[in-house]
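Asker: For the sequence shown, the positions run 84 to 516 when this note's numbering is used.
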Amino acid sequence: MKKYILTTILLFLSTGLIFSQRIPKEVVENFYFDVVVFQGDTLNTGRVDVYVLVPYQTLNFVKSGGVFGASYDVDIRITDTLGNRIESSRYERTLREEDYFVTRGGTAGFDYTQSIFNLMPGKYRVNASITDKFSKQLHEKNRIITVLDFGEFDFSLSGILLLSSIEDIGGKFKITPHISDNIGNFSNGFFAFFESYKPRKDLDSVDYVWEFINSKNETIAFSDRIRKFAGNDKNQTFIHIPRVDEMTNGTYILRITAKEKDTTNDLKSGTTLAVTQRSVTYLRTIGGSVLADLDIAVRQLRYVAFGSDIDFINEATTTGEKQKRFEAFWKKLDPSPGTDRNEAFEDYYSRIDYANRAFKSFQDGWLTDKGMVYIIFGPPYSTDRQNNFNDGRIYERWSYMNNREFIFVDNSGFGDFRMIRPMSITEKYRYDR
């Protein structure tokens, strides 16, 4: 049987600001964290693998002697249901980079660690935290896990580790873990890696079926039977799971069921041997930036795209096609197509995000006149506000370095500023950094 090599060459999409609309804060990933339970050295123990991945842009790099350095602590604590500490580890990580662009996530750089613990059967909380040694910022995450008594079962499965790719090298497989719950950016699907444990001697292979279950406990997609070898006491298995077009942004359960072999493809026939599952999220991103609502994001193109561009995107017959057209539009504006980031996309939607927070009145900030000017031209070089004592109205002047000026007036007294000079704007947003 071929053996598997676990590598630290991970597929990772760098994170940035949340754009389009404000979505839950936890979507912004300061670090990535996963926990998978396998059988331990004996059938009655569990091996708990804890993976931590820290994007470079989370860390504070300090320049010294021509080199940028960062340092952070990783703390792993495992407690039981009563809060008693069962296991823990703490270690320091030190990084060195010569290029400032790399330290800010320009090449999607990251640091990756794996910790292994052996636990008795039971339910545990695994808490992971990272502390930047320079900024003192602390980020924490936790997960609840169950360690099975694998010896109690005739056939059992480990937890599921997500993989971005598997490569056959000289008869051995090199697997590339995906340390993130988000599966939304896999254009060709991903792999699920797990182990099966077989005290029974009458099983040489089993049939596996995968399915995705949404928040309403509805199965939205499932596979045919997939037959895999299971003749050893421990069997390492991977299953390719293709992209599911029916998925929309949200959280799902990925469930894999092991069934006795059956000559038909009836998914309900045959004895169920074991089940393993994990939660996954589906969030589409561009250049690492989460796209919370595609329809709103397309509407917000009005300051960078022409009407014909927006019409072309909206004329797509499916959400998937609409997403592809939207991404293709921004790909044409990417100032650094050879990198993992799209700075124009990030800059544009960060301006929209700021406009929504700073200029909201009777409508969203990006729709106001101030929001329009800010998104197209960026922050003004200077601002000047004056009260007209004759009519009580407030005037505000924005000045830019190229001698452009914009004057707004609040006619209502409720912060609803309207642009009165110039009367209109014909320019579009341009990324000029």
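Every residue gets a Cβ at the ideal spot worked out from N, C-alpha and C, and that includes glycine.
In three-state terms, what does DSSP make of Q104?
Answerer: Within the sequence shown, the letter at position 21 stands for residue 104. Its pLDDT being 30, under 50, Q104 is placed unreliably in this model, and the value from its coordinates should be taken loosely. Correct three-state label for Q104: coil.
Asker: So what does DSSP say about M330, is it helix, strand or coil?
Answerer: Position 247 of the sequence shown, counting from 1, holds the residue named residue 330. Here M330 sits in coil by DSSP.
Asker: Could you tell me the boundaries of the beta strand (DSSP E) in which N225 lies?
Answerer: Start at 1 with the first residue of the sequence shown, and residue 225 comes out as number 142. Start and end: 221 to 230.
Asker: Taking 9 Å as the cut-off, decide whether the C-beta atoms of I303 and Y291 are in contact.
Answerer: Within the sequence shown, residue 303 is the residue found at index 220, counting from 1. Within the sequence shown, residue 291 is the residue found at index 208, counting from 1. Cβ distance not < 9 Å, so I303 and Y291 don't count as in contact.
Asker: Which of the three DSSP states is assigned to F428 in this structure?
Answerer: Residue 428 sits at position 345 when you count from the first residue of the sequence shown. Helix, per DSSP.
Asker: So the beta strand (DSSP E) R565 belongs to, where does it begin and stop?
Answerer: Residue 565 is absent from the model: the chain starts at 84 and stops at 516.
Asker: At the 9 Å Cβ level, is D394 part of the contact set with chain D, yes or no?
Answerer: Of the protein chains in this structure there is only one, and it is not chain D.
Asker: For L142, which of helix, strand or coil comes out of DSSP?
Answerer: Taking the first residue of the sequence shown as position 1, residue 142 is located at position 59. Residue state, collapsed to three classes: coil.
Asker: Quick one: Cα of V111 to Cα of S433, how far?
Answerer: What you label residue 111 is simply residue 28 of the sequence shown in a count that begins at 1. What you label residue 433 is simply residue 350 of the sequence shown in a count that begins at 1. With a pLDDT of 46 at V111, under the threshold of 50, the modelled position of this residue cannot be trusted, and the question is left open.
Asker: Mapping the DSSP letters down to three states, classify E301 as helix, strand or coil.
Answerer: Position 218 of the sequence shown holds residue 301. In this structure, E301 counts as coil in the three-state DSSP scheme.
Asker: In the DSSP assignment, what are the bridge partners of E235?
Answerer: Here the question's residue 235 lines up with position 152 in the sequence shown. In DSSP, E235 forms no bridge with anything.
Asker: Grouping DSSP H, G and I as helix and E and B as strand, with all else coil, what is A153?
Answerer: Residue numbering aside, residue 153 sits at position 70 when the sequence shown is read from its first letter. If DSSP states are grouped into helix, strand and coil, A153 belongs with the strands.
Asker: Could you check if K86 is buried or exposed, using at least 16 other CB atoms within 10 Å of its CB as the buried criterion?
Answerer: Stepping through the sequence shown from its first residue, residue 86 is reached at position 3. Unreliable positioning characterises K86 in this predicted model, as indicated by a pLDDT of 36, which lies under 50. The coordinate reading is nonetheless provided below. K86 should be labelled exposed.
Asker: Measuring CB to CB, does T229 end up less than 9 Å from L221?
Answerer: The residue labelled residue 229 in the question sits at position 146 within the sequence shown. The residue labelled residue 221 in the question sits at position 138 within the sequence shown. Not in contact: T229 and L221 (Cβ atoms no closer than 9 Å).
Asker: Consult DSSP for N439 and reduce its assignment to one of helix, strand or coil.
Answerer: Counting from one through the sequence shown, the residue named residue 439 turns up at place 356. Of the three classes helix, strand and coil, the one that applies to N439 here is helix, per DSSP.
Asker: Which same chain residues end up closer than 6 Å to G314 when comparing Cβ atoms and leaving out the 5 residues on each side of it in sequence?
Answerer: Counted from its first residue, the sequence shown places residue 314 at position 231. Excluding sequence neighbours, G314 sits near D287.
Asker: Just to confirm, are I266 and L136 a CB contact at a threshold of 9 Å?
Answerer: Taking the first residue of the sequence shown as 1, we reach residue 266 at position 183. Taking the first residue of the sequence shown as 1, we reach residue 136 at position 53. No, the pair does not count as a contact, with Cβ atoms beyond the cut-off.
Asker: Can you tell which of E343, S239, D182 has the C-alpha that lies nearest to the C-alpha of G149?
Answerer: As a working mapping, residue 149 is identified with position 66 in the sequence shown. If we check each option's Cα against that of G149, D182 comes out closest.
Asker: Taking its Cβ as the centre, do 16 or more other Cβ atoms sit within 10 Å of Y431, making it buried, or is it exposed?
Answerer: For the purposes of this step, residue 431 is taken as the residue at position 348 of the sequence shown. Buried, since its Cβ has 16 or more Cβ neighbours within 10 Å.
Asker: Report the start-end ranges of each beta strand (DSSP E) in the segment 256 to 322 that is 3 residues or longer and not cut off at the edges.
Answerer: 273 to 280, 288 to 296, 302 to 305, 309 to 312
Asker: Between the segment 225 to 242 and the segment 165 to 172, do three or more beta carbon pairs fall short of 8 Å?
Answerer: no
Asker: Please classify I159 as buried or exposed, where buried requires at least 16 neighbouring CB atoms within 10 angstroms.
Answerer: Counting from one through the sequence shown, the residue named residue 159 turns up at place 76. Buried, since its Cβ has 16 or more Cβ neighbours within 10 Å.
Asker: Quick test of your reading: M484 and Y457, contact by CB under 8 Å. State the CB separation rounded to the nearest angstrom.
Answerer: For the purposes of this step, residue 484 is taken as the residue at position 401 of the sequence shown. For the purposes of this step, residue 457 is taken as the residue at position 374 of the sequence shown. The pair is not a contact, with the Cβ atoms about 15 Å apart (cut-off 8 Å).
Asker: Sorted by chain position, which residues of the same chain lie with C-beta nearer than 8 Å to G498's C-beta, five sequence neighbours on each side aside?
Answerer: The residue given as residue 498 occupies position 415 in the sequence shown. Cβ neighbours of G498 beyond the five flanking positions: S444.
Asker: Return the chain-ordered list of same chain residues with a C-beta closer than 7 Å to the C-beta of A441, the five sequence neighbours on each side being excluded.
Answerer: To locate residue 441, count along the sequence shown from 1; it is residue 358. Closer than 7 Å at the Cβ level, and outside the excluded window around A441, lie G448.
Asker: Grab the span of the beta strand (DSSP E) containing I252 for me, first residue to last.
Answerer: In the sequence shown, the residue the question calls residue 252 occupies position 169. 244 to 252 is the extent of the beta strand (DSSP E) around I252.
Asker: With DSSP as the reference, label N471 as helix, strand or coil.
Answerer: Position 388 of the sequence shown, counted from the first residue, corresponds to residue 471. Of the three classes helix, strand and coil, the one that applies to N471 here is coil, per DSSP.
Asker: When you compare the CB positions of I227 and F321, do they come within less than 9 Å of one another, or not?
Answerer: Residue numbering aside, residue 227 sits at position 144 when the sequence shown is read from its first letter. Residue numbering aside, residue 321 sits at position 238 when the sequence shown is read from its first letter. No, the pair does not count as a contact, with Cβ atoms beyond the cut-off.
Asker: State yes or no: is the C-beta of K216 within less than 9 Å of the C-beta of E175?
Answerer: Here residue 216 corresponds to residue number 133 of the sequence shown, with the count starting at 1. Here residue 175 corresponds to residue number 92 of the sequence shown, with the count starting at 1. Their beta carbons are under 9 Å apart, which means K216 touches E175 by this criterion.
Asker: With a Cβ-Cβ cutoff of 9 Å, do F236 and V289 count as a contact?
Answerer: Here residue 236 corresponds to residue number 153 of the sequence shown, with the count starting at 1. Here residue 289 corresponds to residue number 206 of the sequence shown, with the count starting at 1. Going by C-beta atoms, F236 is not nearer than 9 Å to V289.
Asker: Using the three-state DSSP reduction, which class does L377 fall into: helix, strand or coil?
Answerer: The residue you call residue 377 lines up with position 294 of the sequence shown. Of the three classes helix, strand and coil, the one that applies to L377 here is helix, per DSSP.
Asker: When you compare only the Cα positions, how much space is there between R424 and I249?
Answerer: In the sequence shown, the residue the question calls residue 424 occupies position 341. In the sequence shown, the residue the question calls residue 249 occupies position 166. If I take the Cα positions, the gap works out to 25 Å.
Asker: Out of V133, S218, Q122, state which residue places its alpha-carbon closest to the alpha-carbon of Q55.
Answerer: Because residue 55 is not part of the residues shown, which for the chain are 84 to 516, the question remains open.
Asker: Nearest by alpha-carbon distance to D307: which of D328, T334, T346, V133 is it?
Answerer: Counting from one through the sequence shown, the residue named residue 307 turns up at place 224. Considering only alpha carbons, the answer is T346.
Asker: So what's Q383 in DSSP terms, helix, strand or just coil?
Answerer: Here residue 383 is taken as the residue at index 300 of the sequence shown, counted from 1. Residue state, collapsed to three classes: helix.
Asker: Keeping to the same chain, check which residues put their C-beta closer than 8 Å to that of I199; ignore five residues upstream and five downstream.
Answerer: The sequence position of residue 199 within the sequence shown is 116, counting from 1. Counting only Cβ-Cβ distances below 8 Å, and skipping sequence neighbours, we find R130, V131, D132, V133.
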